[in-house]
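Here's the structure, in structure tokens; my notes come after.
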Amino acid sequence: MPRTLAPPLRSDAHPRRSDARRDARSVRAAYRSFLTDGVLPPGVHPVVADSWRRSVHSGVDPEGPRSESALAHDDLVAYRDAHPLAAVMPVVRELVVDAAADDGLAVAVSDDAGRLLWVEGSRSLRDAVERVGFVEGSVWREERVGTNAPGTALAARSAVQVLGAEHFSRPVQAFSCTAVPIHEPGTGRVLGVLDVTGRQSAASGVVLSLVRATVLSLERELAERAATGPGAGVAGAVPDPPRDGVPELVVLGTSPVLRAPDGLEHRLSLRHAEILALLAVHPRGLSADELAVLLHPGHLSDVTVRAEVSRLRRVAGPILAGSRPYRLARPLRTDADVVRDRLAAGDVRGAVGAYRAPVLPRSGAPAIEHLRAELAAEVRAAVLAARDTGVLDAWTRTDDGAEDHAAWTRLQALADHGSPLWVRARAHLDLLDDELA
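Under the numbering used here, the first residue of the sequence shown carries the number 404, and numbering increases by one thereafter.
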């Protein structure tokens, strides 16, 4: 895959207008005020302000980060060698590590739990950050060390820049950093974070652009490997195509789609996806009043429901029939049905593969929340009953399984002691146990 050579990371350009309010002196004053009386003066960047609040809520000590590693060196090596991001580390080194080393910066790649798997780049900068515990194997989640780019990028699920004084832990305030989450193609699940750490230049606009571009290259590389690798085409990797003549509704994840039998796709608003999902599980139909109750925890008028259904007809067309009650004129298959069909057939591995994300995770509709919890519980129960390391491994890589203590415990118990799977389970259990404590 062609790649663009990395530009120099230093920049003498004037600060971006959005950073004008992130003056180090004013940030330090706000920091002192926040720690003293809990008041956040205006001018603190919203991402930083939210992170400071989370840091206090987690009981982080501002005088020192708690980033120690519970993994032995050999266990860490086995864990990271088996991690999906290991395959794209050559791309990281080509695009950003060499340039970072020349500019006195360090490059870190973490997993989805905030554990630093690789820290490379400038030797002098790495020596400096080692003194605050920023080393391979250490955990830089917000819950442990407070506001920091890798941990806050995981918490915010977005690109983050943290300028020196914005770090919650005082020993870390000598550094600045930029971090961007790396997503798994197809599922959108966060695999880890790419971070550049250094002095003031590490949080420049140039570095942010470079880290974002590098992450895009990593995600493209991962997508190509998924499409051509040994797992390509394996049952369970993608949902079944629509049955002949039966449209499909995609409700797993944040991008609902109505897919016609001919393959034509219509993007749906969240409300329209909610309505179609409810009609799919109520084939006899629902009145406007009933839909209103199912869609909103408070009061939603039937007039509003009728207006939404009217707009939905322009997209769904002949799929909808009548209005007394509203119902589907033809069968509608959802990707949640694919998951349930595979569970019914005893194909737990395929069901987990098809369960790409929870049902409409952004929906607050009571009936959708019930459908979401119900499907997650069904998949989880099947996973725990299967006693299959492959199934457990796949489940713990989903949003619902990532913090499932019972699943991680079962995975560690079934995996061969010392194997990459065993190390992965142990590493995550250490984090979960620490959070519970």
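Ideal placement from N, C-alpha and C gives every residue a C-beta, glycine not left out. Only a predicted model underlies this, so the values are computations on that prediction, with no experimental measurement involved.
By DSSP, does residue i sit in helix, in strand, or in coil?
i      : result
GLY595 : strand
ARG765 : coil
VAL512 : strand
GLU777 : helix
LEU520 : strand
HIS702 : coil
PRO584 : strand
TYR758 : coil
THR801 : coil
SER429 : helix
LEU603 : Per the sequence shown, the amino acid found at residue 603 is Gln instead of Leu. Note: GLN603 maps to helix in three-state DSSP.
ALA828 : helix
SER579 : strand
ARG743 : helix
ALA784 : helix
HIS808 : helix
ARG628 : helix
GLU497 : helix
LEU667 : coil
GLU651 : strand
Can you name, in chain order, every residue of its own chain whose Cβ lies under 6 Å from the Cβ of residue i, other than the five neighbours on each side?
i      : result
ARG827 : TYR482
ARG544 : GLY517 and GLY554
ALA683 : LEU735 and THR737
PRO700 : PRO769
ALA626 : PRO588
TYR758 : VAL742 and VAL782
SER690 : PRO728
VAL500 : VAL510, GLU523 and GLY524
ILE771 : GLU677 and LEU763
VAL718 : HIS669
Please return the same chain residues whose Cβ sits closer than 7 Å to the Cβ of residue i, not counting the five positions on each side in sequence.
i      : result
ARG662 : PRO645, PRO650, GLU651, VAL653 and GLU668
ALA732 : PRO721, ILE722, LEU723 and ALA724
ALA556 : ALA562, VAL563, ALA582, VAL583, PRO584 and VAL596
ASP837 : none
ARG526 : none
ALA490 : ARG628
LEU611 : ALA562, GLN564 and THR581
VAL794 : VAL751, ARG752, VAL755 and VAL786
What's the call for residue i, buried or exposed, on a 16-neighbour Cβ count within 10 Å?
i      : result
SER672 : exposed
ASP478 : buried
ASP484 : exposed
GLY821 : exposed
GLN815 : buried
LEU438 : exposed
GLY524 : buried
GLU777 : exposed
THR657 : exposed
GLN603 : exposed
PRO493 : exposed
THR792 : buried
THR631 : exposed
PRO468 : buried
GLU539 : buried
VAL706 : exposed
PRO449 : exposed
HIS675 : buried
ALA748 : exposed
PRO659 : buried
ALA809 : exposed
HIS486 : buried
ARG765 : exposed
PRO761 : buried
My guess is that residue i and residue j are in contact by the Cβ rule of under 8 Å, so how many angstroms apart are they, rounded?
i      : j      : result
LEU824 : ASP796 : 6 Å
VAL532 : PHE578 : 6 Å
THR600 : PHE537 : 7 Å
GLU806 : LEU835 : 6 Å
VAL565 : ALA552 : 5 Å
ASP366 : ALA788 : No answer is possible for residue 366: it lies beyond the span of the chain, which begins at 404 and ends at 840.
ASP514 : GLY595 : 5 Å
VAL563 : VAL463 : Between VAL463 and VAL563 the Cβ distance is about 17 Å, and since that is not below 8 Å, they are no contact.
VAL510 : VAL495 : 7 Å
ALA605 : ALA427 : Not a contact, Cβ separation roughly 14 Å.
LEU655 : ALA739 : 6 Å
ARG730 : ARG670 : With a Cβ gap of about 23 Å, ARG730 and ARG670 do not count as contacting.
GLY446 : SER429 : 6 Å
SER454 : ALA558 : 7 Å
GLU466 : ARG573 : 6 Å
For residue i, which residues in the same chain have their Cβ closer than 8 Å to its Cβ, ignoring the five residues on either side in sequence?
i      : result
ARG790 : ARG813 and LEU817
ASP819 : TRP825
Quick test of the definition: if touching needs 3 or more C-beta pairs under 8 Å, does the region 615-622 touch the region 584-597? yes
Three or more C-beta pairs closer than 8 Å, one from the region 750-763 and one from the region 705-717: is that the case here? no
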